[in-house]
Amino acid sequence: MYDIVVIGSPSFDRFVRRSVAGNGRSLSGPAAYSARSAVQLGIQNMVIVGSLSAQYREQFAAQLDELQIPEYYPIDSPETGGFEIEYDGGPDASVVSVLGVPKPIGIRDIPDEFLSARIILLTPILQEIGAELIEWICNSSDATILLDPQLFDAGVDMKLKVISELHVIEKTRSFLDFIKPNEHEASLITGETDMYLAAEMLVESLADCCIITLGKNGSLIYDGSKFMIVPIYPTQPKDTLEAGATYLGGFASGLLEGRSLADCGALGAAVASHRIEKSGLDFSLIRSKVEKRAVQIADNISTR
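In the working numbering, the protein residues as written are -4 to 299.
See the structure below:
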């Protein structure tokens, strides 16, 4: 049995820093970042499943080996997903354009052995994980299932297009154990700008528990009965790209260890704080330092 199965296509991005483009495209995306976080916390029985073209298959395997991510299961795709991402000198990035759109992942693309995992992370980069696949996985697996939703797609000009018409009432009944949108995504899904109301709506209609990441304001966890406000660990950010995905990897690792939801949030926030101090996927975690930050964060969690 796998501890964690990460379903979501790898993103091969081109990075532009101060108007200077880097050489080629590099592995990125929520699947890679969440898996990298979990591996560094000691989770080894893990696999990434996602759509990938033959052009990037060898590079993907080589980079996963460097990152010590043990296994991957590629699904043939005409294109490899990715973005052109620009930094203007600060820690925050902006997406300039879409470089490729991964093939949608179908029910028949997922081998049965992956359904028997302890945890399944659904981490799309665009819209390759649809409602039908989510419903099938939730109905076919006893795993704890966490969704990191993406409310973007590629427009006709390969610019990033927001799916602004998505609303909770258009979705199916609650199947998920956890949903983890960021503040902007939570607002788009529910139509609410009040994140407490948004969290309540998400739990009423989509998941048993909601985690909303709030950037500098930490994260909000709602389990249907109480809200937990998890602060960030104060640090100097160098690169905030996929901080939410690293949070998710830490949170999932905490679930595997049987931690409380609040302590899972503290672990996720601690992992994210280490991630943003470095650039790219090649960040390192020292467990003792992560735990020290997690304890400090947990001591400052408030509830309501």
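Every residue, glycine too, gets a C-beta built ideally from N, C-alpha and C.
Checklist entry - For VAL96, which residues of its own chain have a beta-carbon under 7 Å away from its beta-carbon, when the five flanking residues on both sides are left out? => result Within the same chain, Cβ atoms closer than 7 Å to the Cβ of VAL96 are found at GLU74, GLY76, LEU121 and ALA149, the five residues on either side in sequence being excluded.
Checklist entry - Looking at LEU36 and SER248, is the spacing between their C-beta atoms short of 8 Å? => result In contact: SER248 and LEU36 (Cβ atoms closer than 8 Å).
Checklist entry - With C-beta atoms as the reference, is LEU243 less than 8 Å away from LEU116? => result Yes, they are a contact pair.
Checklist entry - Can you name the residues that DSSP bridges to ASN177? => result ASN177 pairs with THR208.
Item to check | For SER255, the nearest candidate out of LEU146, GLU81, ALA289 and CYS133 (CA to CA) | outcome: Closest by alpha carbon: ALA289.
Next on the checklist: Is it the case that the region 12 to 23 contacts the region 40 to 49, given that we only count it when at least three CB pairs across the two stretches are under 8 Å?
Outcome noted: Taking 8 Å as the limit for Cβ pairs, the verdict is that the region 12 to 23 does not touch the region 40 to 49.
Item to check | Terminal residues of the beta strand (DSSP E) in which ALA88 lies | outcome: From DSSP, the beta strand (DSSP E) with ALA88 extends over 88 to 95.
Next on the checklist: DSSP has ASP8 in a bridge; who is on the other side?
Outcome noted: Answer by DSSP bridge pairing, in chain order: SER21.
Next on the checklist: Closer than 7 Å to a non-hydrogen atom of the ligand GDP - does that hold for the CB of GLY3?
Outcome noted: Of the ligands one can find in the structure shown there are none, so the ligand GDP has no counterpart to examine.
Item to check | Cα-Cα separation between GLU79 and ALA27, rounded to whole angstroms | outcome: Each residue's Cα considered, the two are about 17 Å apart.
Next on the checklist: Cutting at 6 Å between CB atoms, please list the residues of its own chain near PHE10, excluding the five before and the five after it.
Outcome noted: Spatial neighbours of PHE10 in its own chain (CB-CB distance under 6 Å, excluding positions within 5 residues in sequence) are listed in chain order as GLY17 and ILE80.
Checklist entry - Going along the chain, which residues of its own chain have a beta-carbon closer than 6 Å to the beta-carbon of LEU236, five neighbours each way excluded? => result In its chain, beyond the 5 residues on either side, ALA88 have a beta carbon closer than 6 Å to the beta carbon of LEU236.
Next on the checklist: Beta-carbon within less than 6 Å of GLU195's beta-carbon, same chain only, minus the 5 sequence neighbours each way: which residues are those?
Outcome noted: Once the five neighbours on either side are set aside, GLU195 has no close Cβ partner at all.
Checklist entry - Rounded to whole angstroms, how far is the Cβ of GLY239 from the Cβ of THR208, which I believe are closer than 8 Å? => result Their Cβ separation, rounded to whole angstroms, is 5 Å, which keeps GLY239 and THR208 in contact under 8 Å.
Item to check | Per DSSP, the bridge partner or partners of GLU81 | outcome: VAL11 and SER89.
Checklist entry - Okay, do the region 132 to 141 and the region 56 to 68 touch, 3+ Cβ pairs below 8 Å being the bar? => result Here the region 132 to 141 does not lie against the region 56 to 68, with fewer than 3 beta-carbon pairs under 8 Å apart.
Checklist entry - Does DSSP classify HIS162 as helix, strand or coil? => result Note on HIS162: pLDDT 42, under 50, position unreliable in the model; the coordinate value appears next. Note: HIS162 maps to coil in three-state DSSP.
Item to check | Where PHE170 sits in the DSSP three-state scheme | outcome: Three-state result, PHE170: coil.
Checklist entry - What distance in whole Å lies between the Cβ atoms of LEU146 and LEU183, which are believed to be in contact at a cut-off of 8 Å? => result Their Cβ separation, rounded to whole angstroms, is 5 Å, which keeps LEU183 and LEU146 in contact under 8 Å.
Checklist entry - To which residues of the same chain is GLY24 closer than 6 Å at the C-beta, ignoring the five residues directly before and after it? => result Cβ neighbours of GLY24 beyond the five flanking positions: PRO5, SER6 and ILE120.
Checklist entry - With ASP(-2) and ILE114 assumed to form a contact (beta carbons below 8 Å), what rounded beta-carbon distance in angstroms separates them? => result Confirmed, Cβ separation roughly 7 Å.
Checklist entry - Who does MET223 pair with in a DSSP beta bridge? => result Answer is ILE216 and THR298, bridged to MET223.
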